[in-house]
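Participant: Those sequence lines, one after another, are chains F and S.
In short: position in the first sequence from 1, add 482, done, that's the numbering used here.
Going by the numbering used here, -2 is the number at position 15 of the second sequence; the sequence numbering is gapless.
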Amino acid sequence: MRSAPPRTDRPTPRSRSRAGHRPALTALACTTGLLLAACSSVGSSSSGGQTGSDVGQTAQSVKPGGAVTVALSAEPDRLDPTLARSLYSRYVFNAMCEKLYDLNAKVQIVPQLASALPTASEDGRTVTIPVRSGVKFADGTPLDAAAVKTSLERHLTLKESARVSDLGPIDSVEATSPTRVTIRLKAPFAPLVAALSDRAGMIMSPKQLKAKGDDFGSDPVCVGPFKFAKRVPQNSIGLVKDPNYYDAKNVHLDKLTYRIITDASIRAANLKSGDAEVADTVSTEDVDQLKSDSNLSVLESASLGYQGVTFNVGNANGVGTAPKVGNAPYAKDKRVRQAFEYAIDRNVLVKTVFNGLFDTACSAISPASTFSSPQAQNCRQHDPAKAKQLLQQAGVTMPYRFSMLTSNTPDSLQFAQALQSMVKDGGFDMKIEPVEFTSLLDLQDQGKFQAVQIGWSGRPDPDGNLSTFVETGGSQNVAGFSSDKVDTLLRQARQSQNPAQRRTFYGQLQTALQDEAPLVYIYRQRNLTGVSKKLSGVQVFPDGIIRVARAGFTQ
Amino acid sequence: MGRYLRRRLGHSAVTLVLATMVVFAGVRALPGDPALALAGEERDPASLEAVREQYGLNDPVWLQYLHYLKNFLTGDLGRSVRTNIPVTELLVSALPVTLELSFLALLVASLVGVLTGILAAVRRGKPAEWLANGFALIGLSVPNFWLGLMAILYLAVAVPLFPASGYVPFREDPAANLHHMVLPAVILGFGLAAVIMRQTRSSMLESMSTDYIRTARAKGLAERSVIGVHALRNSLIVVVTIVGLQLGALISGAVVTEQIFGLPGFGKLTVDSVFQRDYPVIQGVVLVTATAYIVINLLVDLLYSVIDPRIRVTGEVA
């Protein structure tokens, strides 16, 4: 009888071998490195990942073997770490493509295919990553520093690569020994280690890359508890246990099938009927029903992302063009945007629209982040009288009319309608413009909107949740927002060598952003995952990815 | 007959080209493009541009269409922008699912529709007719998706007789395949059964009031023979026409049914590819669907000649 241990305290060769070196590496990373998220991770990595009702099932005795079906809400795109863009491909990768680093339940970075946390030079421009030895890809070839270099260089150079911006200003990657990779940067880049804990850190088999080239995604080969078996377009992706995996003895299941079931109620029905054991993105409306089923449980974990309303402050000619502050009051007068925030009662919205299952959000930094601080969570409290007063000071006629684009999904529409009715009391007359999701992306990128309700799934490093959205010229700065103060703080936070200092910078950023309010953050989804009680060891961390590879059927 | 067939084939080719042109221009008129849909929330401008470049999305639409035609003539329908799977492979994998679903739904609809139609005609003014009419009314007015959800709720979750959704290829496990197809086929066939029932009923009533039926009865034929051979055979020609026309509705109904039951067929492929602005897939789907419509219409016309020998003689549609 074996137990399904939580992901990060499994007795792996890696954790045993690095135990003695960890403090030294930590100190080095913290004192000299730029890899700040990693600093706080070490203590917890030795104490193990968190399992509990909010992130995963408590480990119980499990039996070997069995096949599990995970119901996914959308079809993953290419199963190629360099080219993949959707969240759903990350679910599948989690079981078959390990990364240099991983996240634990506390959103701290821990080594995975790296043997320890990285070290950095004094100037923060040279980062050294020790690579684990004795690890094989699913095709039996060994993983070494040269393979890491091949993958990182592919991420950086493949024309369609979606990883270039993740990896930041990398100048070169060198395999300085079979177990050591040295990355040289053009400028210090603190979010690098967080990027290496996502798809940019996935290492692909050089043999398979050579054989398949750009078509690697049709038959991906990486290092992981499971390996790719087959894909039935639109329907499913099948994985089987990989005997070459270095920790195969702690993998209990034989087979994993990711089945695409787009409708939330049908996913719930499949869970209830036993046709699926795990289902992602349970609708808040289905949670009570699933919880009342004695065979099922619903895992809830905080998310790193947010949902909110973005105002078109200066996006006159589309993203990528120079910001030009518009003439409309919501664009040129921050008091109008502040008033909008005062008009919102986040608690009531979350309770009424999402049955209280989601969290309120006032900033881009999740309270689950190690970079959160009281200042970063500072919130403008609901005060409709104050909202009206600000509108009056701004000299606009009340009710102040504007329109908000929103996705035409039932959940989004319901939220928009509740918001519409709520902000009336604060002196707003908000018109809802529902559009299909891709059209919404197109309209917002072109700047053809007044306000838009949209969110972000979140990244472990706060820079990934802020820079692209609020930095001048950011690739997703659809608000067309530009502020020297914000730009400076973002740059300082990105390049700072000190975690405490970074935390302070992000607190200051929140204050600056809240004053300007180009984005009004409203709520933070919780990752709701339905799981059969027959399974033990399924985990969902704040990155939203379902970790099912180490689960097993209970005895 | 040969000349008629040639003319019909000529018309079909023109229709096909027009359909591809309309869809080609239509999907490009939608806001957003495959690169944007693919990127979703991760819209890095450089990689968006690389995707656009790779799929020739920056070229003028007419040039893209010419490329498409050229590739099509060499048998290359391109690759899905989202998954990079060749469109031909997607079509080959989706087509059997929809064909099987449509065939089974048609089977259910024909059996149920014809039988209840005969019953309603023979038992005119009696409770059996009221029941059959009630069934037709429900079949015509209740939407597919609701029936589908109810079926899943009661026949898969509450009483687990059938799987809630999903698909198993026939060649992998025929029994599991049919087990998965029962609910979708019945749900999809339900609406069509109602149409067939009403049509069979009215045709039968018409046939049964004709002189040759009276003659058949007068010469002492058994009622079963009168209804089953004489009345039904003559009523079926109209029913077959209706079934042919309704096949279009069946395929569009399959879009909803496949979504509900998670069947990886044509309907689901169409909907997903439109949402993803996956141009190569949409174009492939339209090409095959338009071809299917044209072939079905052609087959129905040819089927007339089998059922009604007078058409075979003149070679023209009555």
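All C-beta atoms in this analysis are idealised placements derived from N, C-alpha and C, irrespective of residue type, glycine included.
Here the structure is a predicted model, which means the values were calculated and not measured.
Would you decide whether residue 242(S) is buried or exposed? Buried here means 16 or more other CB atoms lie within 10 Å of its CB.
Facilitator: Here residue 242(S) corresponds to residue number 259 of the second sequence, with the count starting at 1. Residue 242(S) should be labelled buried.
Participant: Does the region 847 to 862 of chain F come within contact of the region 936 to 944 of chain F, defined as at least 3 CB pairs closer than 8 Å?
Facilitator: Yes, the region 847 to 862 of chain F is in contact with the region 936 to 944 of chain F.
Participant: Which of the residues in the region 131 to 142 of chain S, read from start to end, lie with their CB under 8 Å from any CB of chain F?
Facilitator: Those residues of the region 131 to 142 of chain S that come within reach of chain F (Cβ to Cβ, closer than 8 Å) are 132, 135, 136, 139, 140.
Participant: Per DSSP, residue 886(F) forms a beta bridge with which residues?
Facilitator: Counting from 1 along the first sequence, the entry for residue 886(F) is found at position 404. Note: residue 886(F) sits in a beta bridge opposite 914(F), 933(F).
Participant: Could you tell me which of 640(F), 591(F), 777(F), 658(F) sits nearest to residue 750(F), measuring between CA atoms?
Facilitator: Residue 750(F) sits at position 268 when you count from the first residue of the first sequence. Comparing Cα-Cα distances from residue 750(F) to each of 640(F), 591(F), 777(F), 658(F), the minimum goes to 777(F).
Participant: How should residue 1013(F) be labelled, buried or exposed, when 16 other C-beta atoms within 10 angstroms of its C-beta is the threshold for buried?
Facilitator: Here residue 1013(F) refers to the residue found at position 531 of the first sequence. Buried, since its Cβ has 16 or more Cβ neighbours within 10 Å.
Participant: Helix, strand or coil for residue 952(F)? Go by DSSP, reduced to three states.
Facilitator: Stepping through the first sequence from its first residue, residue 952(F) is reached at position 470. DSSP places residue 952(F) in helix when its eight states are reduced to three.
Participant: Taking a Cβ distance cut-off of 7 Å, strictly less, list which residues of the region 629 to 646 of chain F are near chain S, in chain order.
Facilitator: Within the region 629 to 646 of chain F, the qualifying residues are 641, 642, 643, 644, 646.
Participant: Rounded to whole angstroms, how far is the Cβ of residue 1112(F) from the Cβ of residue 1032(F), which I believe are closer than 8 Å?
Facilitator: Beyond the ends of chain F as shown, which are 483 and 1037, falls residue 1112(F); an answer cannot be given.
Participant: Residue 236(S): which of 169(S), 265(S), 147(S) sits nearest, CA to CA?
Facilitator: Sequence index remark: in the second sequence, residue 236(S) carries index 253 (1-based). Looking at the Cα atoms, 169(S) is the closest of the given residues.
Participant: Span of the alpha helix (DSSP H) holding residue 639(F)?
Facilitator: Taking the first sequence and counting its residues from 1, one reaches residue 639(F) at position 157. 627 to 639 is the extent of the alpha helix (DSSP H) around residue 639(F).
Participant: Are the CB atoms of residue 912(F) and residue 884(F) within a distance shorter than 8 Å?
Facilitator: Residue mapping note: residue 884(F) aligns to position 402 of the first sequence, counting from 1. Residue mapping note: residue 912(F) aligns to position 430 of the first sequence, counting from 1. Going by C-beta atoms, residue 884(F) is nearer than 8 Å to residue 912(F).
Participant: Count the CB pairs spanning the region 831 to 846 of chain F and the region 805 to 815 of chain F that are closer than 8 Å, and state whether there are at least three.
Facilitator: The region 831 to 846 of chain F is not in contact with the region 805 to 815 of chain F.
Participant: With a threshold of 8 Å between beta carbons, is residue 26(S) in contact with chain F?
Facilitator: Translated into the one-based positions of the second sequence, residue 26(S) becomes position 43. Judged by the 8 Å Cβ criterion, residue 26(S) is in contact with chain F.
Participant: Let me know if residue 891(F) comes out buried or exposed under the rule of 16 or more other beta-carbons within 10 Å of its beta-carbon.
Facilitator: Reading the first sequence from its first residue, position 409 is the one you call residue 891(F). With fewer than 16 Cβ atoms within 10 Å of its Cβ, residue 891(F) is classed as exposed.
Participant: Using the Cα positions of residue 649(F) and residue 641(F), report the straight-line distance between them to the nearest angstrom.
Facilitator: Locating residue 649(F) in the first sequence gives position 167, counting from the first residue. Locating residue 641(F) in the first sequence gives position 159, counting from the first residue. Each residue's Cα considered, the two are about 15 Å apart.
Participant: In chain S, which residues lie less than 9 Å from residue 1016(F) when you measure between Cβ atoms?
Facilitator: Along the first sequence, one-based indexing puts residue 1016(F) at 534. Those do not exist, as residue 1016(F) stays about 15 Å from chain S at its closest Cβ, beyond 9 Å.
Participant: I want to see whether chain F comes within less than 8 Å of residue 147(S), judged by CB atoms only; does it?
Facilitator: Working through the second sequence from its first residue, we reach residue 147(S) at position 164. Chain F contact via Cβ: present.
Participant: Is the beta carbon of residue 736(F) closer than 8 Å to that of residue 549(F)?
Facilitator: As a first step, residue 549(F) is located in the first sequence; it is residue number 67 there, counting from the start. As a first step, residue 736(F) is located in the first sequence; it is residue number 254 there, counting from the start. Yes, the pair counts as a contact, with Cβ atoms nearer than the cut-off.
Participant: By a C-beta neighbour count over all protein chains shown, 10 Å radius and 16 as the cutoff for buried, is residue 0(S) buried or exposed?
Facilitator: Taking the second sequence and counting its residues from 1, one reaches residue 0(S) at position 17. Label assigned to residue 0(S): exposed.
Participant: Return the residue from the list 265(S), 286(S), 263(S), 259(S) that minimises the CA-CA distance to residue 20(S).
Facilitator: The count along the second sequence starts at 1 and reaches residue 20(S) at position 37. Nearest option by C-alpha distance: 259(S).
Participant: Over what stretch of residues does the beta strand (DSSP E) that includes residue 782(F) continue unbroken?
Facilitator: Here residue 782(F) corresponds to residue number 300 of the first sequence, with the count starting at 1. Residues 778 to 784.
Participant: Please list the residues of the region 65 to 90 of chain S that have a C-beta atom closer than 8 Å to any C-beta atom in chain F, keeping them in chain order.
Facilitator: Going along the region 65 to 90 of chain S in chain order, one finds 65, 66, 67, 68, 72, 73, 76, 77 with a Cβ nearer than 8 Å to chain F.
Participant: Among 683(F), 593(F), 651(F), 624(F), which one has its Cα closest to the Cα of residue 606(F)?
Facilitator: Here residue 606(F) refers to the residue found at position 124 when the first sequence is read from its first residue. Checked all of 683(F), 593(F), 651(F), 624(F); the closest Cα to residue 606(F) is 651(F).
Participant: Residues of chain S with CB closer than 8 Å to the CB of residue 774(F), please, in chain order.
Facilitator: Locating residue 774(F) in the first sequence gives position 292, counting from the first residue. Simply none; closest approach about 13 Å.
Participant: Cβ atoms of residue 797(F) and residue 929(F): under 8 Å apart, would you say?
Facilitator: Reading the first sequence from its first residue, position 447 is the one you call residue 929(F). Reading the first sequence from its first residue, position 315 is the one you call residue 797(F). Yes, the Cβ-Cβ distance between residue 929(F) and residue 797(F) is below 8 Å.
Participant: Beta-carbon within less than 8 Å of residue 22(S)'s beta-carbon, same chain only, minus the 5 sequence neighbours each way: which residues are those?
Facilitator: If you number the second sequence from 1, residue 22(S) lands on position 39. So the qualifying residues of the chain are 30, 31, 34.
Participant: Taking only three categories from DSSP, how would you classify residue 1022(F)?
Facilitator: Mapped onto the first sequence, residue 1022(F) falls at position 540. Correct three-state label for residue 1022(F): strand.
Participant: Residue 1004(F) and residue 862(F) look like a contact to me (Cβ under 8 Å); what is the Cβ gap, rounded to whole Å?
Facilitator: As a working note, residue 1004(F) is residue 522 in the first sequence. As a working note, residue 862(F) is residue 380 in the first sequence. About 11 Å separates the two Cβ atoms, so there is no contact after all.
Participant: Quickly, what does DSSP pair residue 656(F) with across the bridge? List them, please.
Facilitator: Locating residue 656(F) in the first sequence gives position 174, counting from the first residue. Bridge partners of residue 656(F): 664(F).
Participant: Drop a sphere of 10 angstroms on the beta-carbon of residue 870(F), count the other beta-carbons inside from all chains shown, and report buried for 16 or more, exposed for fewer.
Facilitator: Working through the first sequence from its first residue, we reach residue 870(F) at position 388. Buried: at least 16 other Cβ atoms inside 10 Å.
Participant: At a CB distance below 8 Å, what residues from the region 257 to 285 of chain S approach chain F? Give them in sequence order.
Facilitator: Cβ contacts with chain F: 258, 259, 260.
Participant: Is the Cβ-Cβ distance between residue 227(S) and residue 279(S) less than 8 Å?
Facilitator: On the second sequence, residue 227(S) is found 244 positions in, with the first residue counted as 1. On the second sequence, residue 279(S) is found 296 positions in, with the first residue counted as 1. Taking 8 Å as the Cβ cut-off, residue 227(S) and residue 279(S) qualify as a contacting pair.
Participant: Any idea what DSSP makes of residue 142(S), helix, strand or coil?
Facilitator: Looking up residue 142(S) in the second sequence gives position 159. It is coil, neither helix nor strand.
Participant: Take the Cβ of residue 709(F) as the centre, count every other Cβ of all protein chains shown within 10 Å, and call the residue buried at 16 or more, exposed below.
Facilitator: Here residue 709(F) refers to the residue found at position 227 when the first sequence is read from its first residue. Label assigned to residue 709(F): buried.
Participant: Pick out whichever of 196(S), 175(S), 74(S), 107(S) has its Cα sitting closest to the Cα of residue 184(S).
Facilitator: Walking along the second sequence from the start, residue 184(S) turns up at place 201. When only C-alpha atoms are compared, the closest one is 107(S).
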